[in-house]
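Residue numbers (our numbering): 1 to 544.
Here a beta-carbon is modelled for each residue, glycine too, at the ideal position from N, C-alpha and C.
All values reported here derive from a predicted model rather than from experimental measurement.
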């Protein structure tokens, strides 16, 4: 992204906020919307789209949680069960603190309730007292799944929608949110989510349980344990689907045949069907990329290394978790009979975390690993991503709401994007295995902007932001929330002190053999002649 365009993006935010701040009563009054091409239907769609992406205000969330809490206080009993207390402490101990900095997680036991495990927002978890006979791993998974709903902001989104629909009693905006239903009449079952959101929380829970030391296969046994007890066929089908999804996650199963290892034959990338005689060199692309985009990288490395290696590019789906992609890569290597100790890996961006997950979590060794712009400490760019996507949404809206919505990355729909956030459960899990690193590592990363330029851009950004805040209409019902949102908006350090996607500190890991910085942007690194020449030299150095 061009640095100057940040200012343009900020100025584009004015009409967006004006539309999003409109009350239901004003939705049909397009004359009051200072965005001339907006139709009444589009305005309503846009408001609903934006509201799903707005995280609930902390004060509203607290009030909402307290009101529900009062309704269940009579059913609560002290946490005296030693098994539950021990499991809770193990999970909280490994839960990244950044996920709970606003709230203190609490586990409440509900007596005489048919409910298994549920949650409010603010990390208030409820569990039925009749579950003490469950296996430890089963209980850990149930509790961790509710922690996932909170950490992934599912509960907050539900409350945001609830608050939005309260603007007018006859609002029909809830029709735009089929992915969840509010159950206000039953405080013990606050939110009922669709399959996709449940799947997000399941994956979070499984990784958190692994981090806490619970065997993932034992956690999955809860689905077998429950299956025969379910009398409703729909419930049995949903239970079986959840089990299959998590089983695929653990084993790295990817059904689409376009993914997997692809072999560079000197002209193009083709499906890898057998192991080549030359030593293997495996390239891993990053998020929002593919093997085909690295054909040029494969070609140049082939030339730099005098065609001495069999070059493969690992093509993996960008909407899977990093752990699942690593398991998928392991299966592909096993299929071709490639041993990691014979292979060199060249990894761009998130591909480096896939490689580390493969090697470190399985205690494997490679000939060498070259990390090109890999966010070992995660990337905060997701905080600006929501803002940029709203602008992109406006640009694409001339082709219709549905086209605009499907043409961009949907917030909360990318498992890998969740994994890449700093202090995510995956980053926490991966770094817990960092001592297992046995391979020669090299770092090649960028710093796109000089320090004076970064200071100038940051100053201009805040001046433009202050002007927008002063232009907000204070009579709009969502004015306070938008003002707080804008006040907290900053240019990520990835832009000011990094390659625009990864900060210089987060590109670092200890115990590396070589480290070099370039004045390049994130997407330029794997295509730059100097970078690939240095990567080739590192590979030659460790090929013996």
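Item                                                                                                                                                                        : Value
Assess, as a yes-or-no matter, whether the region 299-317 is touched by the region 259-267 under the definition of 3 or more beta carbon pairs within less than 8 Å.        : yes
Does DSSP classify residue 145 as helix, strand or coil?                                                                                                                    : helix
If residue 202 and residue 246 are in contact, beta carbons under 8 Å, what's the gap, nearest whole angstrom?                                                              : 6 Å
Using the Cα positions of residue 248 and residue 323, report the straight-line distance between them to the nearest angstrom.                                              : 11 Å
What separation, rounded to the nearest whole angstrom, lies between the Cα atoms of residue 353 and residue 466?                                                           : 38 Å
Would you report the Cα separation of residue 92 and residue 200, rounded to the nearest angstrom?                                                                          : 19 Å
With C-beta atoms as the reference, is residue 135 less than 8 Å away from residue 229?                                                                                     : no
When the Cα atoms are used, what is the spatial distance from residue 511 to residue 441?                                                                                   : 8 Å
In this structure, how does DSSP classify residue 516 when only helix, strand and coil are distinguished?                                                                   : strand
Go ahead and pull the three-state DSSP assignment for residue 545.                                                                                                          : Because the chain here runs from 1 to 544, residue 545 falls outside it and cannot be looked at.
Are the CB atoms of residue 132 and residue 126 within a distance shorter than 8 Å?                                                                                         : no
Report the residue from 149, 521 and 368 whose alpha carbon sits nearest the alpha carbon of residue 448.                                                                   : 521
In the DSSP assignment, what are the bridge partners of residue 536?                                                                                                        : Paired residues: none, contrary to the question.
If we ignore side chains and look at the alpha-carbon of each, how far apart do residue 82 and residue 123 end up?                                                          : 20 Å
Is it right to say residue 362 is buried, meaning 16 or more other beta carbons lie within 10 angstroms of its own, or is it exposed?                                       : exposed
Could you tell me the distance, in whole angstroms, from the CA atom of residue 31 to the CA atom of residue 479?                                                           : Residue placement at residue 31 cannot be trusted, given a pLDDT of 25 that sits under 50; what the coordinates show is reported in the next sentence. Cα to Cα, residue 31 sits roughly 19 Å from residue 479.
For residue 325, which residues in the same chain have their Cβ closer than 6 Å to its Cβ, ignoring the five residues on either side in sequence?                           : 316 and 354
On the three-pair Cβ rule with 8 Å, is the region 284-303 touching the region 334-341?                                                                                      : no
Distance, Cα to Cα, residue 105 vs residue 515?                                                                                                                             : 40 Å
Between the Cα of residue 486 and the Cα atoms of 258, 468 and 497, which residue gives the shortest distance?                                                              : 468
Where are the beta strand (DSSP E) runs, 3 residues long or more, that stay fully inside the region 333-383, in chain order?                                                : 344-348 and 368-372
For residue 547, collect the residues of the same chain with a Cβ closer than 8 Å to its Cβ; drop the 5 residues on either side in sequence, then sort them by chain order. : With the chain covering only 1 through 544, there is no way to say anything about residue 547.
Name the one or two DSSP bridge partners that residue 124 has.                                                                                                              : 106
Closest by CA to residue 84, which one among 141, 95 and 268?                                                                                                               : 141
With distances taken between CB atoms, is the gap from residue 496 to residue 458 smaller than 8 Å?                                                                         : yes
What span of residues does the alpha helix (DSSP H) with residue 318 cover, start to end?                                                                                   : Premise fails: residue 318 is in no alpha helix (DSSP H) and is neither H nor E.
For the putative contact between residue 534 and residue 461, defined by C-beta atoms under 8 Å, what is the C-beta separation to the nearest angstrom?                     : At roughly 33 Å, the Cβ-Cβ gap does not stay under 8 Å, so residue 534 and residue 461 are not in contact.
Look up residue 526 in the DSSP assignment and say whether it is helix, strand or coil.                                                                                     : helix
Given a threshold of 16 other Cβ atoms within 10 Å of its Cβ, counted over all protein chains shown, does residue 227 qualify as buried or as exposed?                      : exposed
Over what stretch of residues does the alpha helix (DSSP H) that includes residue 198 continue unbroken?                                                                    : 195-211
From residue 358 to residue 121, what distance separates their C-alpha atoms?                                                                                               : 34 Å
Where does the unbroken alpha helix (DSSP H) through residue 457 begin, and where does it stop?                                                                             : 451-471
What distance in whole Å lies between the Cβ atoms of residue 415 and residue 493, which are believed to be in contact at a cut-off of 8 Å?                                 : In fact, because the Cβ distance is near 24 Å, the residues do not count as touching under 8 Å.
State the beta-bridge partners of residue 132 as determined by DSSP.                                                                                                        : Bridge partners of residue 132: none, in fact.
Among 346, 503, 139 and 279, which one has its Cα closest to the Cα of residue 379?                                                                                         : 503
Can you look up residue 289 in the DSSP assignment and give me helix, strand or coil?                                                                                       : coil
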